[in-house]
Each structure stands twice: as structure tokens, then as C-alpha cells.
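S.K.: Submitted below is the structure of interest, expressed as C-alpha cells.
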Amino acid sequence: MFYYYFLVFLAINFLSSAFLRTFMYSTLVFWIIFKNIKYYKSLPPGPWGIPLLGILPFLNRRPPHMVYLNMAEKYGDVFSVQMGSNLTVCLGSTKLMKEFFSRNDSTGRPNTPLNNLLGGLGVITSEGVLWKRQRVFLHEKFRALGVKLWPNTRFERDINVEIDELMVELNQSEGKSVNPAHVLGRHIHNVICQLMMSFRFTAEDSAFKLFNEKVSRGMRLFGLVLIGEHVKAYLKLPGKMAVINEIKKNLADVSDFHKERIVARIQQREQSSEPRQPVDLLDFYLDHLEAEKQSKATKNEKRDIFPDVDPVQQIVQIMNDLFSAGMETSLTSLLWTCIMMMKHPKVAEKVRADLKEVVLPGERVTMGHRLQLPYIEAVLIETMRMVSIVPLGTTHVNTAEWKIGKYTIPAGTHIVPLIHRMNMDPDIYMEPELFKPERFIRDGKFTITDTFMQFGVGQRMCIGNLLARMELFLFFANIMNNYEFCMPEGEDIPGMDGILGSTHAPLPFKLVFKKLEA
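Per this note's numbering, the very first residue in the sequence shown carries number 1; after that it's consecutive.
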């Protein structure tokens, strides 16, 4: 549009009459002003920003979700802001979120520099046919691998292996302070490893430490150039291209780590002629590829889960997505829950009292006990609500124009769900500033209402929802049935501010795990 205006101004300059030039300039300026006024009047209300930057300078003063919370109080359930060159519309009500995310044109992803580094692969940043077919495939195979809230599934047995080893490690800590992110992180990571490719790291494995450092470093690097998602010129500033290059190198290293295991599995399968049942997600993907190659019939495009993409690269990015999203959210939720138990000792007492009625001290808690322990699930969900693990949800893009009452949202707009506002809305949760797990229990049963949207809503709802709930229930229940935790002497319980990155994580802290008396 800018170039169009520029050419018009250039053409006017060649007019010989000064009066005519003045008239044409005035008419063009008036028309531009009129068009912009009409455009902005059709949008939801919102604050004025700074030219070229929008409201970006104001997001450095406070966490973005708190800035948006204040804006929602002023402008209402839907408002618009300019984030650099990106028009952004924020949704702050259950009704609006359900309306938007139920639409077929709500599943787009932002066309931004950092998103584009992933090449539109995987399941988080992919769109269209690729995304739809991958999502259906993953849902089907997750269930086949036992990712469901039933007892004694294959996936639960994989989690139990990690829990048993975790108990051994905590016993060996003998009351010394440990970094819970490191101790718990490896086992949560291994759960994803087992699901993806039947592989697990040991405590002494240097490869795990290097891989974990790469993943953590990558997430921090994205935060250093996040403004570049909205102002592309920002990435041209001194030092920023060096960060982008490091991000690319980091992504390549992490991808190579997965690719090595994929190639090794392919070679292993080629050397064996015996049929075998798939044991993990990688097997399911490779089985699909082999079935396509062996088929003599014309390729069935509806069956192809890799339309117009390199299959190995797509599988690699699926692994990247599941490792980063699956590990980060589960670990962050578990760390916050530990903090909440120290901040609310009466809640911790009730958790242990409930456990004593169902299992013996030190006995393994399983998914078979889940329905008898509704308060434990309520504690986990209330923790997610209270701290808003992902306070702004995931940014979507509408691929077609959307009308909300008298407002018109043009196609290509960034749509941000204000999850934190929903979590702290007194019309939804009475006394939202209080930690009250019982708000998720009705008639003695654990109940998640449709207003709880921490796992998302609509067609792009978190694909690892059940996976995370299984992990969190089993890890948390078994830790609480064996240990109490406290801060090292002289250190305070971490505050609620935390660090806002891909998730809202607590500041680094240490814990002492004390073995409960039998």
C-alpha cells in the first residue's frame, strides 16, 4: 500500500499546473485520512501506540499479560492494539474465544521471522492440510500408545519407570538441597523420549546435559529478539543478527540430535526382516512411510500425512515440538505446584490425608487411583489457573475476515487469547486471587469447567493435554506420598512473579526433599 501511495505522489509531481498539483495532493491526503479513519473505526477500541512501534515500548515496563489485563479493564472483552507492523486483537471472554477458535479460519499462524525459521513444519507452526493431517495422525497414535486417562496403559508404565528412578534419586539426596528443575526435568524429558522413540537418558549422560542446555538456550535466545517478530528492522540492529544466527545453529544442533536417532532406527529396521509391532511414535511414522513406498496404487493424497514436505524433516520438527512444548509446560507446572504446597501447608496436609485413605505410605500411586483422588487433580489445575502457566495462550491468525458485532477484524490479524484474564475473572472464579483447589470439585468429583482454557480451546487445543495431565498426576501424587519439601535453611519460598518466556516459570530455586515417616 505504501508503494502505491508513493507512485501516486510521484505522478502528481509531473503535473505542470501548481493549482492542479495542490488540488490533487489535497484530494489524495483527504482520501488516505478518510480510508484510515474508516479502517480504524471498524476495529475494536484500543490504546494509541507510537508510530512504527505501536504499544511495544510499554510492554517492557510490566509483563505483557498484566498490561493486557489493565487494557481489558478499560476497553472490555475485545480490543485492538498495534504491535509494530502487526495488528493484534485480544480476546478476553469465554464466549468470544469459543466463537473465534471454533471457526475453520482461526487456525492460521503468524507469518513472522522467528516462526518462519521452523519452515512451517511440525505441528505447532504448521498450517492447512499438513497441520490437519498431522494432528489427526498424532491423536490416533497417542491413543494407540496409551496416552489416555485409563489405568495400566503402556504410557503409564513408561511414566512409572521414571517415577521409580526419581524416588531412588531423592532418597540418595539424604535431605540435601537440590535443584528441582534439574532433578525432575530429566525424568519428564525421558517420558517424552520413550513415547517418541523408546529412548531415555541416564543421570550421568553427558548427551542429555548438552541437549538440555541447547533446548534451554534456544528458548532464552528467542526472548532476546522477540521484538523482531513485530518490527523486522529490529533484527538488523548491531548484535541481533548474531542472535538469529545462533538460533539457527541451535535449531540445527537439536534437529541433528533427533535426525541421528531417526536414521539409526531406519537402518535397524532395514537390517531386520521380521515384522514387528510399532512401539513408539517414530515406528508409526516409519510404518506409514514404508506403506506409502510399497503401495503400487496411485498415491492417495488424502492418506498422505507429508503433503509437499520432506518426511524426515517433518518428523524431526514434530520431535522438536513435542520435546520443547511437552517438557516445558509439564515441568513448569510441577515446579509451581511444589511452591504452592509450601505456600499453602493446609492444602498439602489435605493432599496427604487423601492419599492415606487410598494408598499406603510409600505405595505407588497409579492412574487406577485417580478417580479416588479428585483433590490432587484439583490442586494441579488450580495451580495452573493461579499462576497462568501460559498467560496469553498461543497467537493465532484469522485467514478470513471476521465480524464481531459492529467490529470487523481483517484477515491476517494476530489474535491473542487473554488466558490470564480468564483465570482471574471474578465472574468466573469467586475470589480468584485465593488458592482454592475445591473450586474444581463438584459433588465429590473433579470437574474442569469449559472456562478453564489453559490447554487452549477449539481446533488448535493442546494436543498433549492428556499426556500432561497423566504426567502431572502421577509425578505429583507419588512425590507427595513419599516426601515433604521445604526450602533450604535461610532461603524464602519463591515469589509469584517468575520469569515470562515460552511459559510463566518460577525463578530458579532449590528444594529439600524430606522422606515421610512410614
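Where a beta carbon is used, it is the ideal one built from N, C-alpha and C, also for glycine.
This one's a predicted model, so the numbers in the text were calculated from it and none came from an experiment.
Just tell me which of G490, L195, L418, T94 has its CA closest to the CA of T395.
M.R.: What you label residue 395 is simply residue 395 of the sequence shown in a count that begins at 1. T395 has its Cα closest to that of L418, out of G490, L195, L418, T94.
S.K.: According to DSSP, is I522 part of a helix, a strand, or is it coil?
M.R.: Nothing can be reported for residue 522: it is not among the residues displayed for the chain, which extend from 1 to 518.
S.K.: Tell me the rounded alpha-carbon separation between P506 and D497.
M.R.: To locate residue 506, count along the sequence shown from 1; it is residue 506. To locate residue 497, count along the sequence shown from 1; it is residue 497. Approximately 7 angstroms between the Cα atoms of the pair.
S.K.: What's the C-alpha gap between L282 and Q314?
M.R.: The sequence position of residue 282 within the sequence shown is 282, counting from 1. The sequence position of residue 314 within the sequence shown is 314, counting from 1. Taking the straight line from one Cα to the other gives about 12 angstroms.
S.K.: Please classify K141 as buried or exposed, where buried requires at least 16 neighbouring CB atoms within 10 angstroms.
M.R.: Residue mapping note: residue 141 aligns to position 141 of the sequence shown, counting from 1. K141 is buried by the Cβ-count criterion.
S.K.: Mark A181 as exposed unless 16 or more other C-beta atoms lie within 10 angstroms of its C-beta, in which case mark it buried.
M.R.: The sequence position of residue 181 within the sequence shown is 181, counting from 1. Counting Cβ neighbours within 10 Å, A181 comes out buried, since at least 16 surround it.
S.K.: Look at Y407 and V78 and say whether their C-beta atoms are less than 9 angstroms apart.
M.R.: Taking the sequence shown and counting its residues from 1, the one referred to as residue 407 is at position 407. Taking the sequence shown and counting its residues from 1, the one referred to as residue 78 is at position 78. Yes, these two residues count as a Cβ contact at 9 angstroms.
S.K.: How should A242 be labelled, buried or exposed, when 16 other C-beta atoms within 10 angstroms of its C-beta is the threshold for buried?
M.R.: Looking up residue 242 in the sequence shown gives position 242. Result: exposed.
S.K.: For V512, tell me which candidate among G119, G218, K176, E162 has the shortest Cα-Cα distance.
M.R.: Within the sequence shown, the letter at position 512 stands for residue 512. Of G119, G218, K176, E162, the residue nearest in Cα terms is K176.
S.K.: Does the distance from the CB of P151 to the CB of M367 come in under 9 angstroms?
M.R.: Taking the sequence shown and counting its residues from 1, one reaches residue 151 at position 151. Taking the sequence shown and counting its residues from 1, one reaches residue 367 at position 367. Yes. Within cutoff.
S.K.: Pick from V263, L434, D425: whose alpha carbon is nearest that of M340?
M.R.: Along the sequence shown, one-based indexing puts residue 340 at 340. When each option's Cα is compared against that of M340, the closest is L434.
S.K.: By the DSSP assignment, the beta strand (DSSP E) with C193 in it spans what residues?
M.R.: Along the sequence shown, one-based indexing puts residue 193 at 193. The continuous stretches of beta strand (DSSP E) do not include C193, which lies in the alpha helix (DSSP H) extending over residues 180 to 197.
S.K.: Do V416 and G393 count as a contact pair if the criterion is CB distance below 9 angstroms?
M.R.: Walking along the sequence shown from the start, residue 393 turns up at place 393. Walking along the sequence shown from the start, residue 416 turns up at place 416. Yes, the Cβ-Cβ distance between G393 and V416 is below 9 angstroms.
S.K.: Going by DSSP, what residue range makes up the beta strand (DSSP E) through P417?
M.R.: Position 417 of the sequence shown, counted from the first residue, corresponds to residue 417. Note, P417: beta strand (DSSP E), 414 to 417.
S.K.: Can you name, in chain order, every residue of its own chain whose Cβ lies under 8 angstroms from the Cβ of I499, other than the five neighbours on each side?
M.R.: Position 499 of the sequence shown, counted from the first residue, corresponds to residue 499. Taking C-beta separations shorter than 8 angstroms and ignoring five residues to either side along the sequence, the partners of I499 in its chain run A505, P506, L507, following chain order.
S.K.: Ignoring anything shorter than 3 residues or poking outside the region 54 to 112, list the beta strand (DSSP E) runs there in chain order.
M.R.: Taking only runs of at least 3 residues, the beta strand (DSSP E) segments lying wholly in the region 54 to 112 are 78 to 83, 86 to 91.
S.K.: Please report how far the alpha carbon of C193 lies from the alpha carbon of S216, in whole angstroms.
M.R.: Position 193 of the sequence shown, counted from the start, is the residue given in the question as residue 193. Position 216 of the sequence shown, counted from the start, is the residue given in the question as residue 216. Rounded to the nearest angstrom, the two C-alpha atoms are 17 angstroms apart.
S.K.: Is there contact here, the region 449 to 456 with the region 308 to 326, by at least three beta-carbon pairs under 8 angstroms?
M.R.: no
S.K.: May I ask you to list the residues that DSSP assigns as paired with E484?
M.R.: Numbered from 1 along the sequence shown, position 484 holds the residue referred to as residue 484. According to DSSP, which records beta bridges pairwise, E484 is partnered with K514.
S.K.: Let me know if W48 comes out buried or exposed under the rule of 16 or more other beta-carbons within 10 Å of its beta-carbon.
M.R.: Within the sequence shown, numbered from 1, the residue matching residue 48 stands at position 48. It is exposed - the Cβ of W48 has fewer than 16 other Cβ atoms within 10 Å.
S.K.: Can you tell me which of L472, H420, F455, L170 puts its alpha carbon nearest to the alpha carbon of S523?
M.R.: Outside the shown range of the chain (1 to 518) lies residue 523, about which nothing can therefore be said.
S.K.: Could you tell me whether the Cβ atoms of E246 and T112 are closer together than 9 angstroms?
M.R.: Position 246 of the sequence shown holds residue 246. Position 112 of the sequence shown holds residue 112. Not closer than 9 angstroms, so no.
S.K.: Where does the unbroken alpha helix (DSSP H) through E520 begin, and where does it stop?
M.R.: What is shown of the chain runs 1 to 518, which leaves residue 520 out entirely.
S.K.: So, is S102 buried or exposed, given that buried needs 16 or more other C-beta atoms within 10 angstroms?
M.R.: Position 102 of the sequence shown, counted from the start, is the residue given in the question as residue 102. Exposed, because fewer than 16 other Cβ atoms sit within 10 Å of the Cβ of S102.
S.K.: What is the DSSP secondary structure of S42, reduced to helix, strand or coil?
M.R.: The count along the sequence shown starts at 1 and reaches residue 42 at position 42. Reduced to three states, the DSSP call for S42 is coil.
S.K.: Assign V89 to buried or exposed, taking buried as 16 or more other Cβ atoms, counted over all protein chains shown, within 10 Å of its Cβ.
M.R.: Here residue 89 corresponds to residue number 89 of the sequence shown, with the count starting at 1. With 16 or more other Cβ atoms within 10 Å, it is buried.
S.K.: With R493 and M386 assumed to form a contact (beta carbons below 8 angstroms), what rounded beta-carbon distance in angstroms separates them?
M.R.: The residue you call residue 493 lines up with position 493 of the sequence shown. The residue you call residue 386 lines up with position 386 of the sequence shown. Note on identity: in this sequence residue 493 is Ile, with Arg being the wrong assignment. Contact flag wrong, Cβ pair sits at about 14 angstroms.
S.K.: If you check the beta carbons only, do I305 and H288 fall under 9 angstroms apart?
M.R.: Along the sequence shown, one-based indexing puts residue 305 at 305. Along the sequence shown, one-based indexing puts residue 288 at 288. Cβ atoms of I305 and H288: closer than 9 angstroms.
S.K.: Based on the DSSP output, what are the partners of L500 in its beta bridges?
M.R.: Locating residue 500 in the sequence shown gives position 500, counting from the first residue. H504, per the DSSP bridge assignment.
S.K.: What is the DSSP secondary structure of V397, counted as helix, strand or coil?
M.R.: As a first step, residue 397 must be located in the sequence shown, where it is residue number 397. Residue state, collapsed to three classes: strand.
S.K.: Which residue marks the beginning of the alpha helix (DSSP H) containing W336, and which one marks its end?
M.R.: If you number the sequence shown from 1, residue 336 lands on position 336. Run containing W336: 311 to 343, per the alpha helix (DSSP H) assignment.
S.K.: Indicate whether A144 and F284 have their beta-carbon atoms separated by less than 9 angstroms.
M.R.: As a first step, residue 144 must be located in the sequence shown, where it is residue number 144. As a first step, residue 284 must be located in the sequence shown, where it is residue number 284. Yes, the Cβ-Cβ distance between A144 and F284 is below 9 angstroms.
S.K.: One question on the structure: do R62 and I463 come within less than 9 angstroms of each other, judged by their Cβ atoms?
M.R.: Here residue 62 is taken as the residue at index 62 of the sequence shown, counted from 1. Here residue 463 is taken as the residue at index 463 of the sequence shown, counted from 1. For R62 and I463, no; Cβs fall outside 9 angstroms.
S.K.: Can you tell me whether M167 is buried or exposed, with buried defined as 16 or more other CB within 10 angstroms of its CB?
M.R.: Taking the sequence shown and counting its residues from 1, one reaches residue 167 at position 167. By the neighbour-count rule (16 or more Cβ atoms within 10 Å), M167 is buried.
S.K.: Leaving out five residues before and five after R133 in sequence, what residues of the same chain have Cβ atoms less than 6 angstroms from its Cβ?
M.R.: Start at 1 with the first residue of the sequence shown, and residue 133 comes out as number 133. Same-chain partners within the cutoff: I305.
S.K.: Can you tell which of K214, Y483, E290, F509 has its C-alpha closest to the C-alpha of E169?
M.R.: For the purposes of this step, residue 169 is taken as the residue at position 169 of the sequence shown. It is Y483 whose Cα lies nearest to the Cα of E169.
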